[in-house]
Amino acid sequence: MSSPLVKLVAQRIALGILLLLAVSVLIFAGTQILPGDVAQAILGQSATPESLANLREQLGLNDPAFVRYFRWLGGVVTGDLGTAMSSGQDIATSIKGRLWNTLFLAFWAAVVAVPLAIILGLIAVRYRNGWVDKLISGLALASTSFPEFFVGYVLVYFFAVKYQIFPGISTVYDGMPFGERMQAIMLPAAALTLVVLAHMMRMTRAAILNVMQSAYVETAELKGLSAFAVIRRHAFPNAIAPIINVVMLNLAYLIVGVVVVEVIFVYPGMGQYLVDHVTKRDVPVVQAVGLIFAAVYISLNIIADIAAIVANPRLRHPK
Amino acid sequence: MADQRAKSMLLDIRNLRIEATVFPPGEAPKNIVLVHDVSLTLEKGKVLGLIGESGAGKSTIGLASMGYGRGGVRITGGEVILNGRDILKGGKEGFRKLRGREVCYVAQSAAAAFNPAHRLMDQVVEATLLHGTATRAAAEKRAIALFKKLSLPNPENIGERFPHQVSGGQLQRVMTAMALCSEPDLIVFDEPTTALDVTTQIDVLAAIKDAIRDTHVAALYITHDLAVVAQVSDEIMVLRHGRLVEWGGTRQIIKQPRQEYTNALVSVHEIEHQEQRPGTTPFLSVKNITAAYGRSHIKVLKNVSVDIYPGQTLAVVGESGSGKSTLARAITGLLPPEEGTVTFDGRPLANRLADRPKEDLRQLQMIYQMADVAMNPRQTVGTIIGRPLEFYFGLRGRERDARVAELLDKIEMGKGFIDRYPAELSGGQKQRVCIARSLAAKPKLIICDEVTSALDPLVANGILKLLLELQKEENVAYLFITHDLATVKSIADSIAVMYRGEVVRYGAKSQVLAPPFDAYTDLLLSSVPEMEIGWLEKAIKGRRMASAGN
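Just so you know, the sequences run in chain order Y and P.
Heads up: the first sequence begins at 1363 in this note's numbering, then just goes up one per residue.
Heads up: the second sequence begins at 35 in this note's numbering, then just goes up one per residue.
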C-alpha cells in the first residue's frame, strides 16, 4: 500500500467520524427543541408537581444541555442507547433484532437490484438511442416514478391477493427457517428493488456514455473488439467511481429509507420501529434510531469515497 | 508486369466519398461531403504521407481504410480494396476481423488513447490475443522485442506500468509497438508526433521510421507538417477540403511542387522580419522572479529576469513544463511570484492582479492559444471587442461601434463581422478577434501565449504577419510564448530560451541563434525538422556523436 492512498483513506474516515459527531449534536439539539417535557410525558397529565420534579431530578433533566449530551454520547459509545420511555425496555436490545431484520431485507434487495441495474445500464449503452435503450430507460423510470406504497400495494394485490404466491404481510420471527424468511421478504424486497433500480441504472448508463467519447474507446474499437467488449473492458472500469457512488447512495436508501415499505408489509425492521416511537413521542428511541441511520449513511458514503479512490489507478499506482 | 504490381498492391482506394451529417445550432441538420472522390494506392511495405490542413480529410481517409468513421461520418461511395478485397462489403463483422489484425492505428495523443485503467502490456497484446494470432506468452515476447526495437527504457518491465506512469514520448512509442504487435500489413499513423515536444519528436520519429523499415509494414502517415512527413514517407499526397491537390514522390513534392497550394505549404515559414536593436531603456523589467504553484516546494520559475523594449518582441521558447506560461502568469499577476519584482515604466507592479489599478491592467493584455474558449460563445464579435472599450475608456454607443469597426478593419475582417458569434468564425478569424480585443485596450504589451499553435500553418502565418504589421502601426510590444522555433525566427527581436524554470539563454535574436550554443539550445535547434530528405538521419547521427563526445 502506498502512502498517498493510505493518507486519503485515513482522511475520509476521520472526516466521517467528525461528521457523525456533528450529526449527533444536531439530533440531540433537535430533540431538545421539541416542545413537551419527558417527565410530563412519562407521568401523564395527572402528575403532581412534586412527582414531576422528582422524576426530573432522577432523569437528570435539570442538568445543563451539554452535560446531558455528553452523558448520552458516552452511553452511545459504550453501547448503551438508553431506555425506551414508552415500554421501559433497553433500546439497544430491541434495536438489535430490528436492525438485523432491516439489513437482511436491504441485503437481498441489493443483491438483486445492484447487478440488475448495472447490467441493464450496460445493455442500454450497447444499444444506445435504439428501442432497447428507450424501453429499459422507460420501464426503469416508470417504476421509480410510482410512489413506493403504490408499487407495494400493486405487488400485494397481484402476488398476495390474486395469485397468493407470497404473503402480503411479512412477519418474521427469531429462529424462522431461512426459506420461509426469504418467502416472507419477497414482496418488500421486490418493491425496494423497483424503487432503487432506475436511479442506479440511469447513472450507470450516463457514466459509461460519458467515457464512451474517450480516445481510448476509439482505440479499442479500432482493435476490432466487439461493441460489448469495448463497453465492458474499456469503458466500464473508468466509469466505476460514479457508479459506486450512486450504488452506495441507494444502499443507504435501502436501509434508512425503507420506512414506508416496512409499514406497508408490517415488517419488523428499523423503519417500523422508528414510526411506532415517533407517534409515542419516545425521544430516546428516536435519537438512537436517528443516530444509527446517520451512521449507516455516513459509513456507506465513506465506503463509496474509498472505493472511488482505490479504483483510480493514478492513486493506486503512483509514479 | 501488371500482374506483379497487382500482387505487391496492398491498399487501393477508388473514388472514395465520405459524408457526414452536421447539426449547426439553430438550423436543420445538413449533409456535408468530407472527402470527394479521392483515389490512392499503396504498395506493400511503402509509406504514403497524407498532408493537408485541418478539414482536408486526411484522418477521415486514414480511418476509412479501417472502415471506421468518427461520429456521424459515413463512407457513401467508392471502394477500399485491401489485400485484394473490398472491405466496405464485409459489414460490421468484416471490419472487426480486419481492425487490429490487417490494419492498426496509432493515434495523435497516446496519452489519451491508452486506457488509464489497464496495464500497458494488457493493452499492447489485446488485439493479437483477440484475433487469436498468437498465444499470450508469444505475444508478450513479441511486444518486449518491439519495446526494445523502439528503444524504450526498461523494455522487459515497462509493460507492467500504467499509462500515467510513462511519459508522453514513451507512450507514443508503446502505441507504435501496440500497432506492430499483431503484425498488420498496414498501420495508419495519425499525427503521431504532433502532441510531442520537438526534442522528443525527433526520437519518436526515428523509432517509428526504423520500426517501419525493419518490419516491412506499409503505412499511411497523416500529418500537417511537411518537414516531418518528408523524413518518413516514400510518397506524399497533398489534400485540401477533401480533394486531392497533388500526389507524387517525396522529393518531387518538396523540391518541385507542381501546385500553387503545395508550394504555399512548402514555403510556409518564410516570413521576413528585420531584428530591431534593443532600445536604451526597457519599459518592462522582470527581475529575479521565483514562483511556485500552491504550497508546493517545486519552483516552476527560478530566478528569471528578462527585459521588454517598446514596440519589440521578446520570444520565450521552451518545451512543455519549462515555465513559459508561468512567466506570463507571474507578469500579469495571475500567479503572484514568491520572490522578485516586475517593474513597469520604472515603478514596481503590484504582485497580485487584484491589487493593480485599472490603468496597469490596461497596459498588459493577453491572447491565448485556444481562441474559442477565450471568448464567450454567447456574445457577438461586437460585444467582445467593445467590452474593453467600455471598461477602460468608457466608450458607448456610436463612438464605441466606430472604434470596433476600426479594430475589425485592422485585423483585416471588416465590420460585417460585428453581429457574428464566435461559433460562426474559423479558427484564424477567432484568433484575430482575440487580437482585436487585446488591441482595443491600447496596451503597451500584449502577451501572446502559443497563439498560433492550434492553427494550421498557412493560417498561423497570416496571424504572424498581422501581428508584425500591428506592431509597426501601434508600437506595441509582444511577449511571445511558443515552443515553435520557426515562429521565433520569424518574429522575434530578442529571445529567452527556458528550460525547467530557468532562462538558459537570453539575448538578441541574432546572438541567441548563433553558435556557440549551450547544450540545451543546441538540442532544441537541432531537433526542429527541416524540409530536407535525410535530415532525420543526419540529426540523429549528430546527436549520437555529441553524446559520445561527452
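Every residue, glycine too, gets a C-beta built ideally from N, C-alpha and C.
In this text, all values refer to a predicted model and were calculated from it rather than measured experimentally.
| Item | Value |
| --- | --- |
| Phe378/P beta carbon less than 8 Å from that of Gln397/P | yes |
| Contact belief for Pro226/P with Gln157/P at Cβ below 8 Å, rounded distance in angstroms | With 8 Å as the limit, Pro226/P and Gln157/P do not qualify as a contact, their Cβ atoms being about 16 Å apart. |
| Nearest-angstrom beta carbon gap, Val266/P and Ala213/P [assumed within contact, 8 Å] | In fact, because the Cβ distance is near 14 Å, the residues do not count as touching under 8 Å. |
| Neighbour flag for Met1363/Y against chain P, beta carbons, 8 Å | Because Met1363/Y sits at a pLDDT of 46, beneath the cut-off of 50, its placement in the model cannot be relied upon, and the following sentence gives the value as read from the coordinates. No, Met1363/Y lies away from the interface with chain P (no Cβ there is under 8 Å from its Cβ). |
| Gln399/P in three-state terms, based on DSSP | strand |
| Leu116/P, buried or exposed, once every other Cβ within 10 Å from all chains shown has been counted against 16 | buried |
| In chain order, each alpha helix (DSSP H) run of at least 4 residues that lies wholly inside the segment 342-385 of chain P | 358-366 |
| Cβ-Cβ distance between Ala1577/Y and Ala147/P below 8 Å | yes |
| Collapsed DSSP secondary structure at Gly541/P in the structure displayed | strand |
| Cβ-based contacts, 8 Å cut-off: residues of the segment 1603-1623 of chain Y near chain P | none |
| Cβ-based neighbour list, Thr347/P, same chain, cut-off 6 Å, excluding 5 preceding and 5 following | Tyr512, Phe514, Ile525, Ala526 and Asp527 |
| Contact list for the segment 95-116 of chain P against chain Y, Cβ threshold 9 Å | Leu97, Met100, Tyr102 and Arg104 |
| Span of the beta strand (DSSP E), counted from its first residue to its last, around Asp483/P | Leu479 to Asp483 |
| For Ala151/P, the three-state DSSP class (helix, strand or coil) | coil |
| Interface partners of Leu164/P on chain Y, CB under 7 Å | Lys1585, Gly1586 and Leu1587 |
| 8 Å CB neighbourhood of Val137/P in its chain, flanking five on each side removed | Ser99, Met100, Leu116, Pro218, Asp219, Leu220, Ile221 and Val222 |
| Among Leu498/P, Gly416/P and Thr521/P, the one whose alpha carbon lies nearest that of Tyr455/P | Gly416/P |
| Through-space distance from Val159/P to His70/P, alpha-carbon basis | 36 Å |
| Chain B residues whose Cβ lies nearer than 7 Å to that of Thr1555/Y | Reference to chain B is not applicable here, since the protein chains of this structure are Y and P. |
| With 16 other Cβ atoms within 10 Å as the buried cut-off, status of Gly357/P | buried |
| 8 Å contact criterion, which Ala144/P and Gly202/P should meet: CB distance rounded | 7 Å |
| Sequence-distant residues of its chain with Cβ nearer than 7 Å to Leu260/P (five each side left out) | Ile85, Ile288, Leu299, Val300 and Met565 |
| Same chain, Cβ closer than 6 Å to Gly1633/Y, five either side skipped, listed in chain order | Val1620, Val1621 and Glu1624 |
| N- and C-terminal bounds of the beta strand (DSSP E) containing Ala54/P | Met43 to Val56 |
| Nonlocal neighbours in the same chain, by C-beta distance under 8 Å from Val538/P, ignoring five residues either side | Val531, Met532, Asp552, Tyr554 and Thr555 |
| Straight-line gap, Gly134/P to His1679/Y (C-alpha atoms, nearest Å) | 28 Å |
| Neighbouring residues, chain Y, relative to Ala141/P (Cβ below 7 Å) | Ala1577 and Thr1581 |
| Where the alpha helix (DSSP H) containing Phe1469/Y begins and where it ends | Ile1453 to Arg1488 |
| Below-8 Å beta-carbon distance, Lys1681/Y vs any chain P residue | yes |
| Whole-Å CB distance - Ile418/P paired with Asn410/P, under 8 Å assumed | 7 Å |
| Proximity test, Cβ basis, 8 Å: Arg534/P and chain Y | no |
| Thr1641/Y beta carbon less than 8 Å from that of His1561/Y | no |
| Cβ neighbour criterion (16 or more within 10 Å) applied to His250/P | exposed |
| The segment 1650-1661 of chain Y / the segment 1378-1389 of chain Y touching (three or more Cβ pairs under 8 Å) | yes |
| Helix, strand or coil at Val159/P according to DSSP, with G and I counted as helix | coil |
| Contact between the segment 1612-1619 of chain Y and the segment 1595-1602 of chain Y (3+ Cβ pairs under 8 Å) | no |
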